[in-house]
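Quick note, the sequences are listed as chains H and C, same order. Counted the way my numbering counts, the first sequence spans residues 66 to 320. Counted the way my numbering counts, the second sequence spans residues 66 to 320.
Protein chains: 2
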Amino acid sequence: MMEAKLHYHPLIRHLLSTTDISEDNVRLLLELPIVEQDVGKGHTIVAEGDRPSRCCLILEGFTCRSRVLADGARQIVAFHVPGDLPDLQSLHLKRMDHSLTTLSPARLAFIPHEALRGLLRANHDLAESLWRRTLIDAAILREWVTSIGRKLARARIAHILCELTVRTAAVEVGNDTRIALPVTQNELADALGLTIVSVNRHLQEFRREGLLELRHRTLTIYDWSKLRHIAEFDSDYLHFTRPPDAVSVLLGERR
Amino acid sequence: MMEAKLHYHPLIRHLLSTTDISEDNVRLLLELPIVEQDVGKGHTIVAEGDRPSRCCLILEGFTCRSRVLADGARQIVAFHVPGDLPDLQSLHLKRMDHSLTTLSPARLAFIPHEALRGLLRANHDLAESLWRRTLIDAAILREWVTSIGRKLARARIAHILCELTVRTAAVEVGNDTRIALPVTQNELADALGLTIVSVNRHLQEFRREGLLELRHRTLTIYDWSKLRHIAEFDSDYLHFTRPPDAVSVLLGERR
DNA sequence: CGGGGTATTGAGCGCCCTCAATCCCTGTGG
DNA sequence: CCACAGGGATTGAGGGCGCTCAATACCCCG
Numbered sequence: 066m067m068e069a070k071l072h073y074h075p076l077i078r079h080l081l082s083t084t085d086i087s088e089d090n091v092r093l094l095l096e097l098p099i100v101e102q103d104v105g106k107g108h109t110i111v112a113e114g115d116r117p118s119r120c121c122l123i124l125e126g127f128t129c130r131s132r133v134l135a136d137g138a139r140q141i142v143a144f145h146v147p148g149d150l151p152d153l154q155s156l157h158l159k160r161m162d163h164s165l166t167t168l169s170p171a172r173l174a175f176i177p178h179e180a181l182r183g184l185l186r187a188n189h190d191l192a193e194s195l196w197r198r199t200l201i202d203a204a205i206l207r208e209w210v211t212s213i214g215r216k217l218a219r220a221r222i223a224h225i226l227c228e229l230t231v232r233t234a235a236v237e238v239g240n241d242t243r244i245a246l247p248v249t250q251n252e253l254a255d256a257l258g259l260t261i262v263s264v265n266r267h268l269q270e271f272r273r274e275g276l277l278e279l280r281h282r283t284l285t286i287y288d289w290s291k292l293r294h295i296a297e298f299d300s301d302y303l304h305f306t307r308p309p310d311a312v313s314v315l316l317g318e319r320r
Numbered sequence: 066m067m068e069a070k071l072h073y074h075p076l077i078r079h080l081l082s083t084t085d086i087s088e089d090n091v092r093l094l095l096e097l098p099i100v101e102q103d104v105g106k107g108h109t110i111v112a113e114g115d116r117p118s119r120c121c122l123i124l125e126g127f128t129c130r131s132r133v134l135a136d137g138a139r140q141i142v143a144f145h146v147p148g149d150l151p152d153l154q155s156l157h158l159k160r161m162d163h164s165l166t167t168l169s170p171a172r173l174a175f176i177p178h179e180a181l182r183g184l185l186r187a188n189h190d191l192a193e194s195l196w197r198r199t200l201i202d203a204a205i206l207r208e209w210v211t212s213i214g215r216k217l218a219r220a221r222i223a224h225i226l227c228e229l230t231v232r233t234a235a236v237e238v239g240n241d242t243r244i245a246l247p248v249t250q251n252e253l254a255d256a257l258g259l260t261i262v263s264v265n266r267h268l269q270e271f272r273r274e275g276l277l278e279l280r281h282r283t284l285t286i287y288d289w290s291k292l293r294h295i296a297e298f299d300s301d302y303l304h305f306t307r308p309p310d311a312v313s314v315l316l317g318e319r320r
């Protein structure tokens, strides 16, 4: 499976950037009996209440985790980019407490729990790497709680855009401040605990200030440093161990 | 170490309620070279930026994880009750991205990373149980994001009180609707993304309605069912596998 | 009998929400 | 080539929840 271009496989780029995992171990992961599938936008991969028997790996496209409240309000609790294993947790938590849906057309790969569990039992390093991945997911959630709980809408929006830019840069090969971001203002609002009206007005303000532009599913950042400042964005919480070049550029000076 | 009363050890009660771990395996954990320590209220166990070399187990008392923003605002991103391993993540994420402090006088036990890592490497079941614990922490964070992002102050406050009651009931032996809750209104506000003024007013309203009382570090709930309804509280996200009796009573009918 | 932390109260304001209409863009089909 | 549909973005007006600021009351403890 993509032997020649192993470095360009999203999962591999991702694991390499956030863990000390060896390439051999990654290869073992990809040799599991994987089933690939293309799905459209708005596809529900697993729903709240499900008890999945396989994990999902995102090869292309974006997905999100979300919950719906009694009054119909939706809260998105995570975005996922290529290389993410969005429901790795289902390996140990039987019942899904939220839904997983695609935000764009996506190419997914499914790994049976049974096979993955067997591999992790035999390979402790790999198990540690994946455990680490889930811990980074939790770190991102802490950052979201902080952002939603204590920042104004302007800073919240700036923050999520910073995060998505860096996370995308870690797996994509390309321009680092012009990224494909298949996320509607509605979805941003649902992730940030805001309304679409508020998101829209602040995005317009950013645009007027010449800070960034978000149209046609493409985010273009003109003043990364200022955006980062508005967001109070510090990428430490993403816990890169070996950030790819594109990410290093964005992060600038490291402490 | 407390051989006779093994069932009453907080860590054990906790692990038994949220995992399928065997008592033998828990015993192995407690046979590690543990150092116990008593600390006062407001003690910083580990600070943001630290690179701890040991994990902390809470034997008695409450702690919280928190972050401080540039403008001085504080966001609490987790509460911890006896039996919790609040910085288990430091085993795999070197640098702390938040601080860990005590909310009350506490008795802590410290387990060296080295020893714990060795044990987990040899005992995959135990490693899975602890991984599961960190996944439940993440599930709680998702619930917090949902609550802070999409619920009114009244529901948010009700929700955190429900959660703390159930989580405490899982490790404490005693009355299930009258719990020791050493949390100030200020700390509740910092956890919920509210101000102390707002928390205070809603708590008074609850009190006036005869729903609950929170004074002298004690929470007394008079109408659990109504509180649960206001909070839209569904304990599924806590992922109990074998809830203790006190918890079962609170949860009522299970789906 | 202070003293510090905690809780309570009041007045005024502002950020974001709600509701609802309109515009824009893109893809589709006649 | 244009009419049409539909999702998404934009705009306006008005209102409310929670915030800010600030003063006061409470209560445990030495």
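No residue lacks a Cβ here, since even glycine has one placed at the ideal position from N, Cα and C.
query                                                                                                                                                            : result
Since LEU206 of chain H meets chain C, which of its residues come closer than 7 Å, beta carbon to beta carbon?                                                   : ALA203, LEU206, ARG207 and VAL210
Kindly indicate which residue of H:GLN250, H:PHE175 and H:LEU257 has the alpha-carbon position closest to the one of LEU94 of chain H.                           : H:PHE175
Taking the alpha-carbon positions, what's the ASP115 of chain C to LEU124 of chain H distance?                                                                   : 35 Å
For GLU252 of chain H, is the classification buried or exposed, using 16 other Cβ atoms within 10 angstroms of its Cβ as the cut-off for buried?                 : buried
My parser needs the beta strand (DSSP E) runs of 3 or more residues fully inside the stretch 153–232 of chain C; what are they?                                  : 164–167 and 171–177
Considering Cα atoms alone, identify which of C:ARG293, C:ASP310, C:ARG92 and C:ASN90 is closest to ARG219 of chain C.                                           : C:ARG293
Tell me whether ALA61 of chain H is buried or exposed, calling it buried when 16 or more other Cβ atoms sit within 10 Å of its Cβ.                               : Nothing about residue 61 of chain H can be reported from this structure: the residues present for chain H run from 66 to 320 only.
With the cut-off set at 8 Å, would you say HIS145 of chain C and THR166 of chain C are in Cβ contact?                                                            : no
Could you round the C-beta distance between ARG198 of chain H and THR83 of chain H to whole angstroms and report it? I think they count as a contact, below 8 Å. : 7 Å
Please list the residues of the stretch 145–165 of chain H that have a C-beta atom closer than 9 Å to any C-beta atom in chain C, keeping them in chain order.   : LEU153, GLN154, LEU156, HIS157, LEU158, LYS159, ARG160, ASP162 and HIS163
Closest to LYS159 of chain C by C-alpha separation, out of H:ASP149, H:ILE201, H:ALA187 and H:GLN140, would be which residue?                                    : H:ILE201
Taking Cβ-Cβ distances shorter than 7 Å, what residues in chain H pair up with GLN140 of chain C?                                                                : VAL210, THR211, GLY214 and ARG215
Under 8 Å between C-beta atoms, does ARG186 of chain H make it to chain C?                                                                                       : yes
How far does the alpha helix (DSSP H) with ALA296 of chain H in it extend, from its first residue to its last?                                                   : 289–296
Ignore the nearest five residues each way along the sequence and tell me which others in ILE141 of chain C's own chain have a CB closer than 6 Å to its CB.      : CYS129, SER131, ASP255 and ALA256
In chain C, which residues lie with their C-beta within 9 Å of the C-beta of THR199 of chain H?                                                                  : TRP196, THR199, LEU200 and ALA203
Are ARG243 of chain H and GLY148 of chain H touching if we call contact CB-CB under 8 Å?                                                                         : no
What are the boundary residues of the alpha helix (DSSP H) that includes HIS79 of chain C?                                                                       : 75–83
In chain order, what are the residue ranges of uninterrupted alpha helix (DSSP H) at least 4 long that sit wholly in the stretch 117–157 of chain C?             : none
Beta-carbon of HIS189 of chain H versus every beta-carbon of chain C: anything under 8 Å?                                                                        : yes
Whose C-beta lies closer than 8 Å to the C-beta of ASP103 of chain H among residues of the same chain, with five residues either side of it excluded?            : PRO170, ALA171, ARG172 and LEU173
Provide the residue(s) that pair with GLU101 of chain C in DSSP beta bridges, ordered along the chain.                                                           : C:ALA174
Classify GLU243 of chain C as helix, strand or coil using the three-state DSSP reduction.                                                                        : Note that residue 243 of chain C is Arg in the sequence shown here, rather than Glu. In this structure, ARG243 of chain C counts as strand in the three-state DSSP scheme.
Exposed or buried, what is ALA296 of chain H when buried is set at 16 or more other beta-carbons lying within 10 Å of its beta-carbon?                           : buried
Consider the Cβ of ALA223 of chain C: report whether some Cβ of chain H lies at a distance smaller than 8 Å.                                                     : no
Using 8 Å as the threshold, is the C-beta distance between ARG182 of chain C and LEU156 of chain C below it?                                                     : yes
Got a sec: does the ligand PLP put a non-hydrogen atom nearer than 7 Å to the Cβ of LEU165 of chain C?                                                           : Although the ligand PLP was asked about, the structure shown includes no ligands whatsoever.
Do ARG307 of chain C and LEU81 of chain C have their C-beta atoms within less than 8 Å of each other?                                                            : yes
The beta strand (DSSP E) spanning LEU303 of chain H covers which residue range?                                                                                  : First-last for LEU303 of chain H: undefined, no H or E at that position.
What is the DSSP secondary structure of ARG272 of chain C, counted as helix, strand or coil?                                                                     : helix
Can you give the Cα-Cα distance for HIS108 of chain C and ALA223 of chain H, rounded to whole angstroms?                                                         : 34 Å
Between which two residues does the beta strand (DSSP E) carrying GLU278 of chain C extend?                                                                      : 277–280
Between LEU134 of chain H and chain C, is the shortest Cβ-Cβ distance under 8 Å, so that the two count as touching?                                              : yes
Quick one: grab the DSSP three-state call for ALA315 of chain C.                                                                                                 : Note on identity: in this sequence residue 315 of chain C is Leu, with Ala being the wrong assignment. Helix at LEU315 of chain C.
Could you tell me whether the Cβ atoms of GLY275 of chain C and ARG215 of chain H are closer together than 8 Å?                                                  : no
Rounded C-beta distance between LEU226 of chain H and LEU277 of chain H? I'm assuming under 8 Å.                                                                 : 7 Å
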